[in-house]
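Those sequence lines, one after another, are chains V and Z.
Converting from the first sequence to my numbering requires adding 899 to each position, the first position being numbered 1.
Converting from the second sequence to my numbering requires adding 87 to each position, the first position being numbered 1.
Glycine is no exception: its CB is placed at the ideal position from the N, C-alpha and C atoms.
Bear in mind the structure is a predicted one, so any value in this text is a computation, not a measurement.
These notes concern the structure reproduced below.
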Amino acid sequence: MSDEIAAIVVDCYTRALAERGGGTTGAAIDDETTLFGSDAELDSMGLVSLVLDVEEQLADRLGLEITIMDDKALSRRRSPFRTIGALTAYVRELAAPVPAAVG
Amino acid sequence: MFDAFAGQVAVITGTSRGIGRHLAERFLGAGAMVVGVSRGDATIEHECYVHLQADVTVEAQVTAAIRRAHREAGRIDIVVNNAGGAAMNHTLLTPASTAERLMAVNFQSTFLVSREAARFMQRRKYGRIVNVSSVAVPLQLEGEAVYAASKAAVATFSQVLARELATFGITVNVVAPGPIATDLIRGVPPEKIQGVVDRLALKRLLEPSDVANAVEFFCRPESSAITGQTLYLGGIA
Chain V
900 MSDEIAAIVV DCYTRALAER GGGTTGAAID DETTLFGSDA ELDSMGLVSL VLDVEEQLAD
960 RLGLEITIMD DKALSRRRSP FRTIGALTAY VRELAAPVPA AVG
Chain Z
88 MFDAFAGQVA VITGTSRGIG RHLAERFLGA GAMVVGVSRG DATIEHECYV HLQADVTVEA
148 QVTAAIRRAH REAGRIDIVV NNAGGAAMNH TLLTPASTAE RLMAVNFQST FLVSREAARF
208 MQRRKYGRIV NVSSVAVPLQ LEGEAVYAAS KAAVATFSQV LARELATFGI TVNVVAPGPI
268 ATDLIRGVPP EKIQGVVDRL ALKRLLEPSD VANAVEFFCR PESSAITGQT LYLGGIA
């Protein structure tokens, strides 16, 4: 499922860029691709579209109903929305079943 | 009645009684499928009516209810945030718990249901959200400070939301009625109600159908250029 999550995030990012007329720099999309800030290609509405699209794709393709933008995401010292890799890792975390208590 | 909303899905909160129930019946009569959300049991029986029990002030319950509404109906075209509450009291005699409850039932519920429904609406680039405020806001009614503040929050939230959602083809508007003959004002002294009515151009209590008419206007597909508006009923600007 992890690879599928990564693919969904990249797909959605590519789509968000295209919808907003971005992606003109031709830079490779990888885990280090910045999602917001001065060196990001997406604007703030692009980030909103990306998050909503990822949620929709997770539901449609993997049957996962997840709310990405929750209090936990916003209260983290390192934002899960800083890079493609950070967002993918955060979605994997939300998608993972709660581990059974040990001991 | 002609089927002005045939094929559309309307989510209406607070459908168990009063205006909400009237609204649900009106939209059903106009061909819509209606998903009613309230804390209590269904009070409407209709082949196109689905009832979901949820407390619209609780985030997890709203998220679950709207997802279920979308799953069962396949789409959400219209949301009417009708659920609300009132408490009339001098501020010096108003407990904090009353203020919290009013902000929750009037504002928080509107915010939560709008947010969750708009997440689905934006996919289809279409939506109509109608929220309910009150003439208590512009009239600055004494004894209704907290109620009026909660309804002012609804109006301001709606105006900003209208801007945020415009790009998705979603309109957000507000209907703000004067006193209506429903359960909400049952405990209010008649002279107090008359005092409010006297300040309106229209010297009568409003009917639920007056509200439904305005809501329906905002919800029409052809009302796509109308957003961020507050429509006061009873004759006040």
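The Cβ neighbour count for Z:Asn300, taken over all protein chains shown within 10 Å, is under 16; the residue is labelled exposed. DSSP, read as helix, strand or coil, puts Z:Thr317 in strand. For Z:Ile216, the uninterrupted beta strand (DSSP E) segment begins and ends at 214-219.
In this model, V:Pro979 and V:Met968 are separated by some 9 Å (Cα to Cα). By the C-beta criterion, the stretch 287-298 of chain Z is judged not to be in contact with the stretch 228-239 of chain Z, since fewer than 3 inter-stretch pairs fall below 8 Å. Residues of chain Z whose Cβ lies closer than 8 Å to the Cβ of V:Met944 are, in chain order, Thr254.
Of Z:Leu248, Z:Asp128, Z:Pro295, the smallest CA-CA separation from Z:Glu203 is found for Z:Leu248.
Under DSSP, Z:Leu293 shares a beta bridge with Z:Ile267. With a cutoff of 8 Å on beta-carbon distance, Z:Ile257 and Z:Gln195 are scored as not near each other. The beta carbons of Z:Val122 and Z:Val96 sit closer together than 8 Å. Here V:Ala995 is exposed, its C-beta having fewer than 16 other C-beta atoms within 10 Å. Separation of Z:Gly274 and Z:Gln281 (C-alpha to C-alpha, rounded to the nearest whole angstrom) is 14 Å. Between Z:Ile165 and Z:Cys306, the C-beta gap is smaller than 8 Å, which places the two residues in contact. For the pair Z:Thr130 and Z:Asn169, the Cα-to-Cα distance works out to about 16 Å. Comparing alpha carbon positions, the residue from Z:His138, Z:Ala117, Z:Arg113, Z:Glu132 closest to Z:Ser125 is Z:His138. In terms of beta-carbon proximity, V:Thr966 lines the interface with chain Z, with at least one pair separated by less than 8 Å. Between the alpha carbons of V:Gly920 and Z:Ala268 lies a distance of about 53 Å.
Distance between Z:Ala91 and Z:Arg215, taken at the CA atoms: about 14 Å.
In chain order, Arg206, Gln209 make up the part of chain Z whose C-beta sits under 7 Å from the C-beta of V:Leu951.
DSSP places Z:Ser125 in the strand class (E or B) of the three-state scheme. With its beta carbon at least 8 Å from every one in chain Z, V:Glu918 lies outside the interface.
Against chain V, a Cβ distance below 7 Å from Z:Thr150 picks out Thr966. Rounded to the nearest angstrom, the Cβ distance from Z:Gly265 to Z:Leu180 is 24 Å, too far for a contact under 8 Å. Only residues of its own chain outside the window of five on either side were considered, and among them Leu941, Gly945, Ser948, Leu949, Asp952 have a CB closer than 7 Å to the CB of V:Ala915, listed in chain order.
For Z:Ala97, there is no enclosing alpha helix (DSSP H); the enclosing beta strand (DSSP E) has its first and last residue at 96-100.
Across the stretch 153-165 of chain Z, CB contacts with chain V closer than 7 Å involve Arg154, in sequence order along the chain. For a Cβ distance threshold of 8 Å, nothing in chain Z lies close to V:Glu940: the least Cβ distance comes to about 19 Å.
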